[in-house]
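**Q** Following my numbering from start to finish, the sequence shown increments by one per residue and tops out at 416. C-beta: ideal position from N, C-alpha, C; glycine also. Everything numeric in this text was worked out from a predicted model, so none of it was measured.
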Amino acid sequence: MFSSKQGKVLRILRDDPSYQEMTVRVEDKEAKAIAYPELTGPVRVGDQVWLNTTAVELNLGTGGYHFVHGIAGRQERDFTPQGHIMKLRYTPWQLSVLAAEEEGSAGHEEIKGFSSLAGTPVVVATLHSMIVPAVLAFHAVFPGRRVTYLMTDGAALPLSFSHLVRELKAQGLLTCTITAGHAFGGDLETVNVYSGLVAAKTMVAADLIIIAMGPGIVGTGTKYGFSGIEQAYILEAVEKLGGLPVAVPRISFADPRPRHYGLSHHSRTVLGELTYATAYLALPRWDAAKRRILAQQFRESGLARHHLYTVEIPAVDQLMADYRLEVTTMGRSYRDDPAFFEAAAAAGVLAAALLREEKPSLPGWPEEID
Numbered sequence: 047m048f049s050s051k052q053g054k055v056l057r058i059l060r061d062d063p064s065y066q067e068m069t070v071r072v073e074d075k076e077a078k079a080i081a082y083p084e085l086t087g088p089v090r091v092g093d094q095v096w097l098n099t100t101a102v103e104l105n106l107g108t109g110g111y112h113f114v115h116g117i118a119g120r121q122e123r124d125f126t127p128q129g130h131i132m133k134l135r136y137t138p139w140q141l142s143v144l145a146a147e148e149e150g151s152a153g154h155e156e157i158k159g160f161s162s163l164a165g166t167p168v169v170v171a172t173l174h175s176m177i178v179p180a181v182l183a184f185h186a187v188f189p190g191r192r193v194t195y196l197m198t199d200g201a202a203l204p205l206s207f208s209h210l211v212r213e214l215k216a217q218g219l220l221t222c223t224i225t226a227g228h229a230f231g232g233d234l235e236t237v238n239v240y241s242g243l244v245a246a247k248t249m250v251a252a253d254l255i256i257i258a259m260g261p262g263i264v265g266t267g268t269k270y271g272f273s274g275i276e277q278a279y280i281l282e283a284v285e286k287l288g289g290l291p292v293a294v295p296r297i298s299f300a301d302p303r304p305r306h307y308g309l310s311h312h313s314r315t316v317l318g319e320l321t322y323a324t325a326y327l328a329l330p331r332w333d334a335a336k337r338r339i340l341a342q343q344f345r346e347s348g349l350a351r352h353h354l355y356t357v358e359i360p361a362v363d364q365l366m367a368d369y370r371l372e373v374t375t376m377g378r379s380y381r382d383d384p385a386f387f388e389a390a391a392a393a394g395v396l397a398a399a400l401l402r403e404e405k406p407s408l409p410g411w412p413e414e415i416d
């Protein structure tokens with residue numbers, strides 16, 4: 047069930063073809079709302095709209111936004127044929143897309159001819175906020191490369207919800223975006239992550255592929271009940287298709303929850319228990335105290351079987367400031383939780399080293415794990 051209330055659009059704050067932000071009046075109060083014109087049609091000032099208010103009422107992490115799910119008195123819309131692949135299937139908002147794999151797509155024949163990722167490094171993250179430090183660090187040490195973001199359907203489904211991706215794309219840090227599964231709105235649409243990887247290689251000629259869900263990871267406090275568990279099979283997909291799977295471990299020394307302190311239980315479960323892939327992991331040159339904590343967690347969780355490296359990372363806070371990118375994780379900024387962002391940056395640096403075939407020169411990490 048979801049909560050639905052009617053409101054009136056007072057102001058349009060952002061007006062893009064695939065994304066609108068607005069101020070609405072609902073129950074005699076002003077509130078923020080988001081509309082996706084692909085699903086509802088474009089919203090105009092003065093419209094009476096139906097709002098899904100569930101997340102705000104539950105105080106969930108949507109930034110306090112309601113979501114428009116209909117415009118009163120303007121239900122009829124003309125259908126503009128695209129492809130034949132449906133996303134959000136069997137819901138009132140199902141929409142057709144021209145998938146990269148289907149006949150009629152410009153990349154159909156290229157995808158059919160795919161043979162291997164041929165050693166392309168693929169950074170696989172579990173949280174959307176990991177994308178920025180990984181991409182910025184990669185470009186800092188290996189500029190001018192083609193980076194593709196492949197968004198899964200593990201969290202937010204519309205790509206346009208991510209202001210981080212919009213900024214990365216606008217600043218030329220992402221060459222292409224691909225939305226897989228029921229996620230939609232990328233430069234390319236694909237049926238699943240496997241074919242998304244294929245499209246990134248054959249249609250985009252990506253030097254680096256970074257895979258992560260959109261904003262809004264789901265967690266329950268239980269061992270297997272979190273949507274970031276997709277990292278396990280994605281690492282396997284990369285390895286099976288001939289790529290180099292670079293895992294971003296979730297690390298924090300600021301999270302008050304014991305299960306997420308140091309190496310998060312999410313990473314311990316995925317990388318130590320679930321994935322069959324042998325991943326590449328890198329960590330920065332942190333102080334001895336952090337290294338001891340992580341070495342014990344890596345050893346106890348079974349992560350020592352992966353390829354572990356130490357890398358020198360650029361100044362992550364300065365990079366984000368230079369590109370005017372404000373990123374938080376669970377409400378914490380770089381200043382609050384530097385280890386989280388530095389671990390993601392290390393994955394970007396490692397991916398650059400793998401692309402340059404510098405792997406043999408990288409020092410192993412950590413020595414204490416032996």
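Please list the terminal residues of the continuous alpha helix (DSSP H) segment that includes Pro204.
**A** Neither: Pro204 is in no alpha helix (DSSP H) and is coded neither H nor E.
**Q** Thinking C-alpha only, which one of Ser241, Arg305, Ser175 is nearest Ala389?
**A** Ser175
**Q** Out of Lys133, Ala183, Ile224, state which residue places its alpha-carbon closest to the alpha-carbon of Leu234.
**A** Ile224
**Q** Roughly how many angstroms lie between the CA atoms of Val264 and Leu173, to the nearest whole one?
**A** 10 Å
**Q** Could you pull the start and end residues of the beta strand (DSSP E) that His112 belongs to?
**A** 111-117
**Q** Between which two residues does the beta strand (DSSP E) containing Met197 stretch?
**A** 193-197 is the span of the beta strand (DSSP E), which, as asked, contains Met197.
**Q** Please classify Thr236 as buried or exposed, where buried requires at least 16 other C-beta atoms within 10 Å of its C-beta.
**A** buried
**Q** Could you tell me the alpha carbon to alpha carbon distance between Thr126 and Arg57, rounded to whole angstroms?
**A** 28 Å
**Q** In whole angstroms, give me the CA-to-CA distance for Ala392 and Val70.
**A** The straight-line gap separating the alpha-carbon atoms of Ala392 and Val70 is approximately 42 Å.
**Q** With distances taken between CB atoms, is the gap from Tyr326 to Leu281 smaller than 7 Å?
**A** no
**Q** Using only alpha-carbon positions, find the residue among Pro88, Glu76, Val95 that is nearest to Gln52.
**A** Val95
**Q** Is it right to say Glu403 is buried, meaning 16 or more other beta carbons lie within 10 angstroms of its own, or is it exposed?
**A** exposed
**Q** Rounded to whole angstroms, what is the Cα-Cα separation between Thr268 and His306?
**A** 12 Å
**Q** Does the pairing of the segment 306-326 with the segment 191-204 give three or more beta-carbon distances under 8 Å?
**A** no
**Q** If we ignore side chains and look at the alpha-carbon of each, how far apart do Gln343 and Met376 end up?
**A** 22 Å
**Q** Tell me whether Leu365 sits in a helix, a strand or coil according to DSSP, three-state version.
**A** helix
**Q** Hey, Leu254 and Pro167: beta-carbon distance below 7 Å or not?
**A** Judged by beta-carbon spacing, Pro167 lies within the 7 Å limit of Leu254, meaning their Cβ atoms are closer than that value.
**Q** How far does the alpha helix (DSSP H) with Arg345 in it extend, from its first residue to its last?
**A** 334-347
**Q** State the Cα-Cα distance for the pair Leu85 and Leu214, rounded to the nearest angstrom.
**A** 24 Å
**Q** Determine, using beta carbons only, whether Ala252 and Ala146 come nearer to each other than 7 Å.
**A** no
**Q** Could you please give the first and the last residue of the uninterrupted alpha helix (DSSP H) stretch that includes Lys314?
**A** Note on residue identity: the sequence assigns Arg, not Lys, to residue 314. It spans 311-315 - the alpha helix (DSSP H) in which Arg314 sits, taken as one unbroken run.
**Q** For Trp139, which residues does DSSP report across the bridge?
**A** DSSP, once it has assigned bridges, lists no residue as partnering Trp139.
**Q** By how many angstroms is the C-alpha of Leu320 removed from the C-alpha of Thr194?
**A** 26 Å
**Q** What residues in its chain sit with their C-beta under 8 Å from that of His352, if we drop five residues either side in the sequence?
**A** Ala293, Leu317, Thr324, Ala325, Tyr326, Leu327
**Q** Using 8 Å for Cβ pairs, my map puts Val114 next to Leu141. What's the rounded Cβ distance?
**A** With a Cβ gap of about 15 Å, Val114 and Leu141 do not count as contacting.
**Q** Let me check understanding here. Comparing Cα to Cα, which of Gly271, Ile257, Tyr136 lies closest to Gly394?
**A** Checking every option, the nearest Cα to that of Gly394 belongs to Ile257.
**Q** Please return the same chain residues whose Cβ sits closer than 6 Å to the Cβ of Glu76, not counting the five positions on each side in sequence.
**A** Thr69
**Q** If distances are taken between C-alpha atoms only, which option among Ser50, Gln66, Gly274, Arg212 comes closest to Pro295?
**A** Gly274
**Q** Could you tell me the alpha carbon to alpha carbon distance between Phe160 and Val169, rounded to whole angstroms?
**A** 20 Å
**Q** Within 10 angstroms of its Cβ, does Gln217 collect 16 or more other Cβ (buried), or is it exposed?
**A** exposed
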